[in-house]
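A.B. asks: Chains as they are written, first to last, in the working numbering: chain A, 1 to 265; chain B, 266 to 379; chain C, 380 to 458.
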Amino acid sequence: MNERWRLLLFVLGALGVAALYVIAFIALPGPDPLRDRYRLAINSRTVPEHNATDAVTAVNFDYRGFDTLGEEFILFVSVMGAMALLRQAEEKKTIELRDAIDASRDVPGSTAIRVWVLAMVAPKVLFGFYIVSHGQLTPGGGFQGGVILATAPLVIYLGAHFKLFKKIVPHTAVDVAEAIGVAGYVIIGMLAFFWGGHTREFLTNVLPMGKAGSPAASGTMPLISLATGLEVAAGFSILLYAFLQELLTKEKPSEQPEQRPEGHA
Amino acid sequence: MIYITSAVAAWLFLIGLYGVVTSRHLIHLCLCLTVVQASTYVLLIGISYRAHAIAPIFSDLPPTTPAVDPVVHALMLTDIVVEATVVALLLAITVQIKKRTGTVDPNHVDILKG
Amino acid sequence: MMPLQLLILALVAVAGTAVVFTREPVMQPVGISFFGLILALMFMAYQAPDVALSQLVIGAVGLPLMILLALARLRRHDE
């Protein structure tokens, strides 16, 4: 189907969607007290029940903890898929680092960038840990803090070579860290099987609730937040590692002289 | 109030789909999918908003202050992080397509042709 | 409705249109980074700080980075 027909079909579909949208606008209900029940129920219960002042993290890791577990698995699987698609067949060819040969490919940072990176790495890591550990008190949690933590190896790469990045973020270490993050969430959920009392459901909050306003409050929430932060940070570091390795390495030419090393379609 | 956010969400959705349909570069196609995702975020934020309500954080205010809906926020924030990794997966597929067929124009990629 | 929210919604619509109509591959990360920033501002104006934190780091740093790396990889195949 060539381009014009595709565009015509899209315009017809868009007109249909617009017509349905106008009908939906006209039929929008007014303010309805029944709409607010879930919101009022959760907002009035987070602080008395869990001593958690951040309602969004409480919903994420306690009231709807099972959905967040599913989302973490989606993240895990898509990082695995991207890594599998980007990795070259390492058992057939030996890889040598292109930046050892072609210095213009992996450009080391200037002095200004290096000074800025030195100044920013420690605050980034500290801020990332702060956001992860205070998830149930202030806006934050595992997902946000994990991504902030993952930008620390990124700026290290920006200020130095790829070799330093590989030394600081070794591949096996981040693989293991990501696995520990995902498994930690499931194991914390399984704690309810032993200490749950009479309700032995997966992901019940069984640890002591603590005092409102302290980072150790709300039972299992800070632990789940730490596990999630570890997993997200390791996942993004793996993605960065895979993309950079795919970009900056090349295959060694094999022994037969007539075989072209790369570049064929 | 909700009319205007829904209208912006509809506009983003349709313009993103238009970008997907008439795209000539696979990376541009992935970015237009990001715009379609953003339209769902705008719609969900419009649903969760209540006038004159605070953010659902009660560290300095009493828990009985009217706040916006936290369940919708919880849906959105995991969604944002997960969709970023899915876009990374799509970009990895793009790199593989370029390796195998030599082109990134979606009109000329004919892997599925019989 | 506050005028700040109206203004930011208009900016979101304009930024989304700009992302779609940028055909040059090298200019696309700039557009998507700006779009991510405007979305994060919109989340703040609608009283959603958690979502704004998430969107800020992902949309302004993570996504343009991956696009740039993919573009560099594609360009390396051209030579």
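Ideal Cβ positions, reconstructed from N, Cα and C, are used throughout, including at glycine.
1) To the nearest angstrom, report how far apart A/E90 and C/P428 are at their CA atoms.
2) Across which residues does DSSP place A/D54 in a beta bridge pair?
3) In whole angstroms, give me the CA-to-CA distance for C/Q434 and A/L118.
4) Rounded to the nearest angstrom, how far is the Cβ of C/V391 from that of C/I417, given a contact under 8 Å?
5) Strictly below 8 Å CB to CB, what residues from chain B border A/N60?
6) Could one say the Cβ of A/I148 lies closer than 8 Å to chain C's Cβ atoms, at least one of them?
7) Judging by CA-CA distance, which residue of A/F162, A/D175, A/L247, A/V17 is the nearest neighbour of A/A234?
8) Find the residues of chain B that neighbour C/F413, judging by a C-beta separation of less than 9 Å, and give them in chain order.
9) So that I know if they touch, is there some Cβ in chain B lying closer than 8 Å to that of A/Y38?
10) In whole angstroms, give me the CA-to-CA distance for A/A112 and A/A160.
11) I need the straight-line Cα distance from B/A316 to B/V369, nearest angstrom please.
12) For A/S41, does the three-state DSSP call read helix, strand or coil?
13) Using a Cβ-Cβ cut-off of 8 Å, state whether A/R6 counts as contacting chain B.
14) Could you work out which residues of chain B lie near C/L447, taking near to mean beta carbons separated by less than 8 Å?
15) Could you have a look at C/A427 and say whether DSSP puts it in helix, strand or coil?
16) Can you tell me which of the three DSSP states B/A332 falls into?
17) Would C/R402 and B/H293 qualify as a contact pair, given that the criterion is a beta-carbon distance under 8 Å?
18) On a Cα-Cα basis, can you pick out the residue from A/S214, A/I42, A/E72 that is closest to B/V335?
19) Can you grab the Cα-Cα spacing for the pair B/D375 / A/T53, in whole Å?
20) For the structure I just gave you, are there three or more beta carbon pairs, one from the segment 178 to 187 of chain A and one from the segment 65 to 85 of chain A, closer than 8 Å?
21) Anyone know if the C-beta pair for A/G213 and A/F202 falls short of 8 Å?
22) Have a look at A/G196 and B/S304 and give me their C-alpha separation to the nearest angstrom.
23) For B/H338, does the count of other Cβ atoms within 10 angstroms reach 16, so buried, or fall short, so exposed?
24) Quick test of your reading: A/G135 and A/G141, contact by CB under 8 Å. State the CB separation rounded to the nearest angstrom.
25) Taking its Cβ as the centre, do 16 or more other Cβ atoms sit within 10 Å of A/M221, making it buried, or is it exposed?
26) Counting only beta-carbon atoms, is A/F10 nearer than 8 Å to chain B?
27) So A/T204 is in the alpha helix (DSSP H); what residue range does that whole segment cover?
28) Can we say the segment 436 to 455 of chain C touches the segment 351 to 365 of chain B, given the rule of at least three CB pairs closer than 8 Å?
29) Report yes if the C-beta distance between A/G210 and A/N60 is below 8 Å; otherwise report no.
30) Taking the alpha helix (DSSP H) that B/M266 belongs to, which residues open and close that run?
31) Using a beta-carbon distance cut-off of less than 9 Å, what residues from the segment 421 to 433 of chain C approach chain A?
32) Report the rounded CA-to-CA distance for A/E71 versus B/T270, giving the unit in angstroms.
33) Taking the alpha carbon of A/V17 as the reference point, which residue from B/I319, B/L279, B/I312 has its own alpha carbon closest?
34) Buried or exposed, going by whether 16 or more other CB atoms sit within 10 Å of the CB of A/K124?
35) Sort B/H373, B/A274, B/P328 by Cα distance to A/L40 and report the nearest one.
36) Are the Cβ atoms of B/L291 and B/I345 separated by less than 8 Å?
C.D. replies: In brief:
1) Sequence index remark: in the first sequence, residue 90 of chain A carries index 90 (1-based). Sequence index remark: in the third sequence, residue 428 of chain C carries index 49 (1-based). Caution is warranted here: a pLDDT of 43 is assigned to A/E90, below 50, making its placement in the model unreliable, and the coordinate value is therefore given only provisionally. For A/E90 and C/P428, the distance between alpha carbons rounds to 44 Å.
2) Locating residue 54 of chain A in the first sequence gives position 54, counting from the first residue. The partner list for A/D54 (beta bridge, DSSP) reads B/I322.
3) Position 55 of the third sequence holds residue 434 of chain C. Position 118 of the first sequence holds residue 118 of chain A. C/Q434 and A/L118: Cα-Cα distance of roughly 26 Å.
4) Taking the third sequence and counting its residues from 1, one reaches residue 391 of chain C at position 12. Taking the third sequence and counting its residues from 1, one reaches residue 417 of chain C at position 38. Indeed they touch by this definition, with Cβ atoms about 6 Å apart.
5) To locate residue 60 of chain A, count along the first sequence from 1; it is residue 60. Correct list: A339, L342, T343.
6) Stepping through the first sequence from its first residue, residue 148 of chain A is reached at position 148. Yes, because at least one Cβ of chain C sits closer than 8 Å to the Cβ of A/I148.
7) Here residue 234 of chain A is taken as the residue at index 234 of the first sequence, counted from 1. Looking at the Cα atoms, A/D175 is the closest of the given residues.
8) The count along the third sequence starts at 1 and reaches residue 413 of chain C at position 34. Chain B residues near C/F413: none, gap ~12 Å exceeds 9 Å.
9) As a working mapping, residue 38 of chain A is identified with position 38 in the first sequence. Residue contact with chain B for A/Y38: present (Cβ-Cβ distance below 8 Å to some residue of chain B).
10) Counting from one through the first sequence, the residue named residue 112 of chain A turns up at place 112. Counting from one through the first sequence, the residue named residue 160 of chain A turns up at place 160. Rounded to the nearest angstrom, the two C-alpha atoms are 12 Å apart.
11) Translated into the one-based positions of the second sequence, residue 316 of chain B becomes position 51. Translated into the one-based positions of the second sequence, residue 369 of chain B becomes position 104. So the alpha carbons of these two residues sit roughly 47 Å apart.
12) Numbered from its first residue, the first sequence carries residue 41 of chain A at position 41. Per the sequence shown, residue 41 of chain A should be read as Ala rather than Ser. Three-state DSSP puts A/A41 in a helix.
13) By one-based count along the first sequence, residue 6 of chain A stands at place 6. Taking a beta-carbon distance threshold of 8 Å, A/R6 counts as an interface residue toward chain B.
14) Numbered from 1 along the third sequence, position 68 holds the residue referred to as residue 447 of chain C. Ordered by position in chain B, no residue passes the 8 Å Cβ test against C/L447, which lies about 10 Å from the chain.
15) Taking the third sequence and counting its residues from 1, the one referred to as residue 427 of chain C is at position 48. Coil, per DSSP.
16) By one-based count along the second sequence, residue 332 of chain B stands at place 67. The three-state reading of DSSP puts B/A332 in strand, counting E and B together.
17) Stepping through the third sequence from its first residue, residue 402 of chain C is reached at position 23. Stepping through the second sequence from its first residue, residue 293 of chain B is reached at position 28. Judged by beta-carbon spacing, B/H293 lies within the 8 Å limit of C/R402, meaning their Cβ atoms are closer than that value.
18) For the purposes of this step, residue 335 of chain B is taken as residue 70 along the second sequence, with counting starting at 1. The sequence given here places Pro at residue 335 of chain B; Val does not occur at that position. When A/S214, A/I42, A/E72 are compared, the shortest CA-CA separation from B/P335 is found for A/I42.
19) For this step, residue 375 of chain B is matched to residue 110 along the second sequence. For this step, residue 53 of chain A is matched to residue 53 along the first sequence. Using only the alpha carbons, I get a separation of about 54 Å.
20) Touching, yes, given that three or more Cβ pairs across the two stretches are closer than 8 Å.
21) The residue labelled residue 213 of chain A in the question sits at position 213 within the first sequence. The residue labelled residue 202 of chain A in the question sits at position 202 within the first sequence. Not in contact: A/G213 and A/F202 (Cβ atoms no closer than 8 Å).
22) What you label residue 196 of chain A is simply residue 196 of the first sequence in a count that begins at 1. What you label residue 304 of chain B is simply residue 39 of the second sequence in a count that begins at 1. Cα atoms of A/G196 and B/S304: separation of roughly 42 Å, rounded to the nearest angstrom.
23) In the second sequence, counting from the first residue as 1, residue 338 of chain B sits at position 73. With a threshold of 16 other beta carbon atoms within 10 Å, B/H338 meets it and is buried.
24) Numbered from 1 along the first sequence, position 135 holds the residue referred to as residue 135 of chain A. Numbered from 1 along the first sequence, position 141 holds the residue referred to as residue 141 of chain A. Confirmed, about 4 Å.
25) Within the first sequence, residue 221 of chain A is the residue found at index 221, counting from 1. It counts as buried.
26) As a position in the first sequence, residue 10 of chain A is number 10, starting the count at 1. At least one chain B Cβ lies under 8 Å of A/F10.
27) Sequence index remark: in the first sequence, residue 204 of chain A carries index 204 (1-based). No alpha helix (DSSP H) contains A/T204, which DSSP labels as neither H nor E.
28) Counting Cβ pairs under 8 Å, three or more are found: they touch.
29) As a first step, residue 210 of chain A is located in the first sequence; it is residue number 210 there, counting from the start. As a first step, residue 60 of chain A is located in the first sequence; it is residue number 60 there, counting from the start. No, the Cβ-Cβ distance between A/G210 and A/N60 is not below 8 Å.
30) In the second sequence, residue 266 of chain B corresponds to position 1, counting from 1. For B/M266, no alpha helix (DSSP H) segment is defined, and its DSSP state is neither H nor E.
31) Only those residues of the segment 421 to 433 of chain C whose C-beta falls short of 9 Å from the nearest C-beta of chain A are listed: A427, P428, D429, V430, A431, L432, S433.
32) Here residue 71 of chain A corresponds to residue number 71 of the first sequence, with the count starting at 1. Here residue 270 of chain B corresponds to residue number 5 of the second sequence, with the count starting at 1. The alpha-carbon atoms of A/E71 and B/T270 are separated by roughly 26 Å.
33) Counting from one through the first sequence, the residue named residue 17 of chain A turns up at place 17. Distance check between A/V17 and each of B/I319, B/L279, B/I312 places B/L279 closest, using alpha-carbon atoms only.
34) On the first sequence, position 124 is the one that residue 124 of chain A refers to. By the neighbour-count rule (16 or more Cβ atoms within 10 Å), A/K124 is buried.
35) Position 40 of the first sequence, counting from 1, holds the residue named residue 40 of chain A. Sorting B/H373, B/A274, B/P328 by C-alpha distance to the C-alpha of A/L40 places B/P328 at the top.
36) Within the second sequence, numbered from 1, the residue matching residue 291 of chain B stands at position 26. Within the second sequence, numbered from 1, the residue matching residue 345 of chain B stands at position 80. The criterion of a C-beta distance shorter than 8 Å is not satisfied by B/L291 and B/I345.
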